[in-house]
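Everything below concerns the one structure shown next.
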Amino acid sequence: MRYHRVLLPLLLVAAWELAAYFIANPFILPSLTTVVPILANPMSMTYTLGTGSLLENAFASIQRVGLGFLLAASIAIPLGILMGRSVALTDLLDSPIELLRPIPPLAWVPLALAWFKIGLTSIVFIIFIGAFFPILLNTVDGVRAVKKTWVEVATTLGASERQILTKVVLPGAAPTVWTGLRVGFGIAWMCVVAAEWLPGISQGLGYLILYAYNFGQTNLIIAGMVVIGLIGLAIDLVFKRVERRWFSWRELER
Amino acid sequence: MGLKLDGISKSFILEDGTEVRALDRITLEVSDSEFVSVLGPSGCGKTTLLRIVAGLERATVGTIVLDGETIEGPSPRMAMIFQEYSLYPWRSVLANIEFGLEIKGLAGEERRDRALSYLDLVGLREFAGRYPYELSGGMRQRVAVARALAIEPAILLMDEPFGALDAQTRNMLQKELLEIWEKTKKTVLFVTHSVDEAVFLSDRIVVLSPRPGRIQEVVPIDLPRPRERTSVEFARIRRYVLDHMENMAVSSKV
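Next comes the structure, spelled out in structure tokens:
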């Protein structure tokens with residue numbers, strides 16, 4: 050371990066504590082000594098103002114993201130494969146996709162509420178929108194980048210359309226699809242926090258930090274933000290691990 | 008018996024509606040275990056001709072007959088080796104060779120043993136577990152040869168397989184190819200633009216004219232193998248073929 054990698058974080062912690070001491074207003078900047086106990090007891094009910102433990106709130110958010118993300122992947126990947134293989138379908142869908150893609154997921158909130166009312170469906174829909182486009186576009190790119198020669202080798206060896214799809218196109222596109230999943234998950238995770246500010250929600254990390262604000266509990270806000278960051282980081286690490294283990298050939302090949 | 012190309016012509020329609028004739032009435036018989044090179048300047052349609060034989064493209068007119076049977080698409084009796092690297096980068100060397108066998112439905116030990124025996128044939132057994140990006144260009148083409156041979160075709164179709172290699176590696180692979188050819192007694196249809204390569208390898212050289220590709224001349228080569236590139240006879244035949252190609256180049260410009 051190189052020491053200078055921990056040097057800056059340590060300095061920041063010290064600066065924080067110093068600032069908190071001089072500001073002397075826990076609503077603006079609470080001392081870390083009031084944040085750490087919350088993080089150290091993720092199962093405890095005492096700090097979370099009756100919203101359930103930190104862990105339960107995190108679990109609620111992860112569940113929502115998982116649902117929206119899986120839904121997005123299960124539609125975007127097959128659609129992306131079809132679009133990557135068919136010029137006609139791409140021509141048909143390209144302009145609507147280009148039109149919808151730049152709309153921020155949160156701009157869909159009012160419409161989501163109108164369509165699905167308050168509740169889980171609306172949140173899952175927002176996350177779905179956030180994850181859908183990066184997965185779709187990366188899948189299309191990945192399928193298009195499958196070398197013609199790879200497909201032709203399989204054709205001359207007598208492969209059926211189905212075998213070409215499962216043995217050549219899918220493995221050939223997999224690294225790029227995986228990148229799409231990673232980016233899509235990152236956006237989905239950002240969306241869930243904001244989506245949990247919708248009315249009628251009573252749990253989740255996004256809900257927790259806004260609720261904590263209403264009670265002036267800035268230490269709880271910060272603890273919630275730390276957890277949101279850590280979970281995002283952990284999941285991104287898992288994605289990267291898998292990428293290195295299974296898909297490193299994409300970089301090494303070129 | 009053997010391979011018969013009967014009156015193969017191929018025309019492309021350009022976007023502005025004009026018709027371009029790439030191949031003009033190619034008729035050629037290749038007997039079993041014969042090594043025939045198709046030689047011609049770039050753009051003469053020699054690769055197109057090979058792709059038609061492989062079933063990757065269709066002739067506008069004409070038929071391909073293999074052992075009395077008309078061929079209408081990719082045939083398991085033929086295997087093609089491409090110019091550019093065609094190995095699957097996500098598969099190990101052994102798994103690449105197993106690919107064609109997998110397509111055929113061969114499984115388990117039998118598939119592995121067969122793949123290994125062809126890996127032996129190209130002298131790369133100790134690289135079985137490596138990945139294509141770990142191999143040099145020459146080694147990759149050896150693996151491609153092994154993959155083609157593994158499905159035990161009667162005919163090998165080779166599209167400038169050594170075109171991307173440096174001169175030294177190229178010479179070495181030509182020598183190895185002849186050794187393999189003598190051991191396995193395959194029929195080889197070999198496309199190249201190198202006169203030297205064609206004279207070194209072939210029983211017969213089929214010289215194509217520039218677009219539209221027509222058979223200009225068929226040159227039998229009776230020199231015993233291994234051939235000495237510096238011998239008088241070799242030089243004489245090379246001169247003869249070269250003269251033909253230069254004459255064509257001049258006459259096509261007039």
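Chains as they are written, first to last, in the numbering used here: chain A, 50 to 303; chain B, 8 to 261.
A virtual CB, placed ideally from N, CA and C, is assigned to each residue, including glycine.
Just so we're clear, the structure is a prediction, and the values are computed from it rather than from any experiment.
CB contact check: residue i to chain B, cutoff 9 Å
i         : result
Gly229(A) : no
Trp298(A) : yes
Ala223(A) : yes
Leu321(A) : In the structure as shown, chain A begins at 50 and stops at 303. Residue 321(A) is therefore absent and cannot be evaluated.
Val226(A) : no
For residue i, three-class secondary structure by DSSP
i         : result
Pro127(A) : helix
Met255(B) : helix
Thr194(B) : strand
Met146(B) : helix
Val195(A) : coil
Ile33(B)  : strand
Ser251(A) : coil
Met165(B) : strand
Glu147(A) : helix
Thr25(B)  : coil
Gly14(B)  : strand
Thr237(B) : coil
Ile178(A) : helix
Ile152(A) : coil
Ile77(A)  : coil
Ile158(B) : coil
Met8(B)   : coil
Any chain A beta carbon closer than 9 Å to residue i
i         : result
Ala110(B) : It is Ile, not Ala, that sits at residue 110(B) in the sequence shown. Yes, contact with chain A.
Arg154(B) : yes
Pro96(B)  : yes
Gly62(B)  : yes
Pro168(B) : no
Ala135(B) : no
Glu79(B)  : no
Phe19(B)  : no
Val261(B) : Interpretation of Val261(B) is limited by its pLDDT of 46, a score under 50 that renders its predicted location unreliable; no figure is taken from the coordinates.
Ala86(B)  : yes
Ser82(B)  : yes
Tyr92(B)  : yes
Gly115(B) : no
Gly130(B) : no
Phe89(B)  : yes
Phe106(B) : yes
Tyr247(B) : no
Limits of the beta strand (DSSP E) - the one that residue i falls within
i         : result
Pro227(B) : Ile222 to Pro227
Arg211(B) : Arg211 to Leu215
Opening and closing residue of the alpha helix (DSSP H) in which residue i lies
i         : result
Ile72(A)  : His53 to Ile72
Ala163(A) : Val158 to Phe165
Lys289(A) : Thr267 to Trp295
Leu46(B)  : Counting along the chain, Leu46(B) falls outside any alpha helix (DSSP H), though it belongs to the beta strand (DSSP E) covering Phe42 to Leu46.
Cys240(A) : Leu219 to Ala244
Leu208(B) : Val202 to Leu208
Arg232(B) : Here Arg232(B) belongs to no alpha helix (DSSP H), and DSSP marks it neither H nor E.
Arg211(A) : Glu210 to Ile213
Val206(A) : A small fix is needed here, since residue 206(A) is Leu in this sequence, not Val. It is not in any alpha helix (DSSP H) - Leu206(A) carries neither H nor E in the DSSP assignment.
Arg299(A) : Trp298 to Glu302
*For the stretch 197–220 of chain A, enumerate the residues whose C-beta is nearer than 9 Å to any C-beta of chain B, in chain order.*
Residues of the stretch 197–220 of chain A with a Cβ closer than 9 Å to any Cβ of chain B, in chain order: Thr198, Trp199, Glu201, Val202, Ala203, Thr204, Thr205, Leu206, Gly207, Ala208, Ser209, Gln212, Lys216, Val217 and Pro220.
*Jot down the residue ranges of each uninterrupted beta strand (DSSP E) in the stretch 55–142 of chain B, minimum 3 residues, whole runs only, in chain order.*
The qualifying runs are 68–73 and 85–88.
*Given a limit of 9 Å on CB to CB distance, which residues of the stretch 137–165 of chain B reach chain A?*
Tyr138, Pro139, Tyr140, Glu141, Ala151, Arg154, Ala155, Ile158 and Leu164
*In chain order, which continuous runs of the alpha helix (DSSP H) of length 4 or greater are located wholly inside the stretch 87–135 of chain A?*
103–134
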